[in-house]
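Residues 12 to 639 in this note's numbering are what the sequence shown lists, from first letter to last.
Every residue, glycine too, gets a C-beta built ideally from N, C-alpha and C.
So the structure is just underneath, and the comments pick up after that.
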Amino acid sequence: MAGRIPDSFIETLNERVNILDVISARVPLKKSGREYHGRCPFHDDSSPSFSVNPDKQVYHCFGCGASGGLITFVMEFDKIDFISAIESLASLAGLEVPTEAADQDAARRQAVYALIKDADLAFRKALKSHPDREQAVNYLKERGLTGTIAHRFGLGFAPSGWSFLINQLGVNTTAKKQLLECGLTASNQQGREYDRFRGRVMFPIRDIRGRTIAFGGRVLDDSKPKYLNSPETKLFHKSETLYGLYEARQACRSLDRVLVVEGYMDVVSLAQYGIEFAVATLGTALTGQHLDRLSRQTGQVIVCFDGDQAGRTAAKRAIDTMLSFLNDDFSIRFLFLPDGHDPDSLVRNEGTDVFLARLNDALPASEALIQLLSDDVDLSKLDGRARLTALALPKIAKIPTSIYRSLMLDTLGKLSGTRRSDLDARLQDLSMQQPLNRPTSENIVDSGGSYASKSARFESVSFDSEPKDQEFRENADAPINFEELQTDSPAIEFPDPSKPEPLSNRLLWLLLQKPDLCSETLEISKRSRLINIQALAQVMNWVKNKNNPSTASLMGHFSGTDVGRLLSKLLSRSALFSESSYGAEFEDGVTQLKKQLLTESMRLLADDAKQGKISAKDLHQALSAHKK
C-alpha cells in the first residue's frame, strides 16, 4: 500500500469496529460494570489487571501499564505494523482501505495474491485426489508426517508434466501473465510457458499475515535441484522471509524463543514432534532482515548448525551479522548438531525430550564466538592468546553497549589473560575507527507489501536505555550535547542502540501516547541538524491544528511516509514514563529542546561570521537578541 491513509477512514474504522469484539476474540474477558476485565496478554499476569472500556474504545493494564486504543492493541498483540493493523481491522469491518495517493499497483497486487491462493488450493487438492499423488503421499509418510500436520502447513503436490497449473489457472492472457509474474510458471527461449514446479511436494510460504506469497518444492526422484524455491517477486524476498514464522505464531502466542533451521522439512518434522517454534531460512544465510523480524517476535533466537566443519564455518560467517543485534533484551544462541544429522533426523532418532534438552544447552553467542575463534589459535601459547584478542575485539565492538558486551569482554579477558582495563581501552580505539550502526538493507517491504523509501532503510529498532520519569527536568539546564547534532542531511534517523536516544524521539513518543499534550507549533529552521527535529515539528504542527487528535488519526495521517515509519517504531516501544507524568515531561522536554535550538542557532551564527556571511556587528546584534 502506498500513500497516506485518510484521517476520516481511521475515524470510520474506530466507529465501525468495537474494541471489545477485537480484544475478546483474543483475551478472555468478564464484565464488571461498564468495563471488562481479564488477564493482561502483554505480561505474566497472575490476576485480572487488564481492563477494556468499550465506550471509550480503550484498554489499560494496571499491572504493566500497557494501554491504547483499537489499532494499538492489534499492533501490539498481533505484532504487526500500523498498515497491517489497519488492513486487518478493515477486513473485519468489510471495508477497503483508501489512500490519499492512489496505489496503481494495489489492484494488480491483490489479483496476484488471489492467483497464488488459487495455486495453493490446486496443489493441496492434487495431494488429495490427483491420480499420481501416491508417490508424494508415500514420501510424506516415510518422513513420519501425519495428515494433520500436512494440513496445518498446507502441504500440496505438483504433478509431473509441463502444464498442470497452466491448465488449472491460466484461463486467459492476464492469468498467464500473472502466473509468470509470481514465478509459478517460466518460459523457454522460444517463449513457450511451462509450470516451474513439477513432480514435487509443495510447501506454501506464508507471510506474517498468513497469505501465501511463494512456494518451495521438494523433488520426488533424483532430479536436481532437490529443493526449488519461487523466484524473487514483489511479494516474496528470500532475505526477509522465514518459512514457518506464521505457523509458529499461530501455535505459540508467546514466542519465548525461536529455533532457526535450514529446511522446510526440518520445520514441519519438528512441529510433528511438538517443537512448534522453528522457522527456516529459504536457501540463504540468516540475514539482518531475518534477525530484525525475529527480534520483533521473540527475545531469544537459537540458530541450528551442523556439527561438522562446514557447519562451524557457516557459523563463523553468520556471527558477524548477528553480533550487532545482541543486547540485554535479545539474545542469540548456537546449537551444533552431531555429524550426519539435521533437525529432522535427530528429533526422529532421539525424541522430543532429548532434542529440547539440546536446545536448553545451546551455547550463548558469547561462548560460541570465543569457541569458533579459538579454532584458529593455540591458547596454550602467548601469541595464540594475543591472536584471539585481536580476532575477538573487532567483533565485540559491533555489539551495542550493554551488560551482554561487558560479559563478553570478561570472558575474553579470562581466556587471553588480558586485563579488563586494557580491553576497554583497545575497544574504545576500535569503536572510534568503525561505525556501530547495524547494516542497512537494500529494500524493506512491510507486511502490507509497500516499499520503504531509501532514506528510511533500517534493519532493527531498539532503545539502549529507558529514560527515567524525571530525566527531562534533571537535565533541563545541562550543557547541550552536540552528539545529538547531525552534520549532514537532516533526514529521519531511526532509533539506534549504539547512540543516545534523541530528545525529539522522546517527545514524539509522548505525543503518540497523548496527542493533546501539544499546545503550540514548532517553527524550525531548515538549517537545524538536531536529530529528527523536522519530524517532530511536522507532528507538533499537525496535532496543534487538528481537532481532537488521536493516536490513530496521527498514525493514519503520516502513514506511508518516513515520519510514519518512525512513529510506528516508537509506538511499539514500552513505556518510557509513567502516565501521570506525561504532561510535565512533555513541557520540560520542549523547554530543553528550545534551549538546544537556541544554542544551535548561536553556533550557526558564529559559523556564518567566520565565513564572512555576516558582519561582526550583525553577529553581536543577533547574539544579543538571542540572549534576551
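- By the criterion of a C-beta distance shorter than 8 Å, A326 is surrounded in its chain by V314, F316, F345, F347, A379 and L383, once the five residues flanking it on both sides are discounted.
- Following the DSSP letters along the chain, one finds A259 inside the alpha helix (DSSP H) bounded by residues L256 to A262.
- The beta-carbon distance between G228 and V212, rounded to whole angstroms, is 7 Å. This is short enough to meet the 8 Å contact definition.
- A check of alpha carbon separations from I160 across S536, L390, F366 and D277 identifies D277 as the nearest.
- By the beta-carbon neighbour count (other beta carbons within 10 angstroms, threshold 16), D32 is exposed.
- Taking every protein chain shown into account, the CB of K249 has 16 or more other CB atoms within 10 angstroms, so this residue is buried.
- Distance between A373 and R119, taken at the CA atoms: about 45 Å.
- For the pair D92 and S579, the CB atoms are nearer than the 8 Å cut-off.
- DSSP, reduced to helix, strand and coil, places S198 within a strand of the structure shown.
- CA-CA distance, A197 to P375, rounds to 44 Å.
- In the three-state reduction of the DSSP assignment, P242 falls in the coil class, being assigned neither a helical nor a strand state.
- Taking all protein chains shown into account, H301 has 16 or more neighbouring C-beta atoms within 10 Å of its C-beta and is therefore buried.
- By the neighbour-count criterion, in which 16 or more other beta carbons inside 10 Å mark a residue as buried, I414 falls on the exposed side.
- Taken through DSSP and simplified to helix, strand or coil, S95 comes out as helix.
- Taking 8 Å as the upper bound for CB-CB distance, L138 and G167 are in contact here, some 5 Å apart.
- Counted as a single uninterrupted DSSP element, the beta strand (DSSP E) harbouring E46 occupies residues E46 to G49.
- Separation of the CB atoms of R268 and Q311 is rounded to 4 Å, and the pair is thereby assigned contact status at 8 Å.
- The DSSP-derived three-state label of Y150 is helix.
- In this structure, E273 lies away from A296, with their beta-carbon atoms at least 8 Å apart.
- Excluding the 5 residues flanking it on each side, G600 has same chain C-beta neighbours closer than 8 Å at F483, L514, R517, L518 and L521, in chain order.
- Counting C-beta pairs with one atom in each stretch, the region 48 to 57 and the region 73 to 90 have three or more that are closer than 8 Å, which means they touch.
- Taking the CA atoms as reference points, L370 sits about 11 Å from T363.
- By the Cβ neighbour-count rule, G165 is buried, with 16 or more other Cβ atoms within 10 Å of its own.
- By the neighbour-count definition (other C-beta atoms within 10 Å, threshold 16), Q200 is an exposed residue.
- Residues V85, D89, I91 and R220 of the same chain have their beta carbon placed closer than 8 Å to that of S99, with the five preceding and five following residues left out of the count.
- Here the alpha carbons of D527 and A225 stand approximately 44 Å from one another.
- Taking 8 Å as the cut-off, the beta carbon of L426 is found closer than this to the beta carbon of L390.
- Between R304 and L337, the C-beta gap is not smaller than 8 Å, which leaves the two residues out of contact.
- Shown here for R217: same chain residues with a beta carbon closer than 6 Å to its own, the five before and five after excluded, namely T223 and Y257 in chain order.
- Cβ neighbours of G210 within its own chain (closer than 6 Å, five residues either side excluded): S171 and L231.
- Straight-line spacing of the CA atoms in L608 and S539 works out to 8 Å.
- E204 sits in a strand when the DSSP states are folded into three classes.
- Within the region 283 to 313, the complete beta strand (DSSP E) segments at least 3 residues long are 289 to 291, listed from N- to C-terminus.
- Taken through DSSP and simplified to helix, strand or coil, H162 comes out as helix.
- The Cβ neighbour count for W173, taken over all protein chains shown within 10 Å, is under 16; the residue is labelled exposed.
- One thing to note: D440 has its Cβ no nearer than 8 Å to the Cβ of R431.
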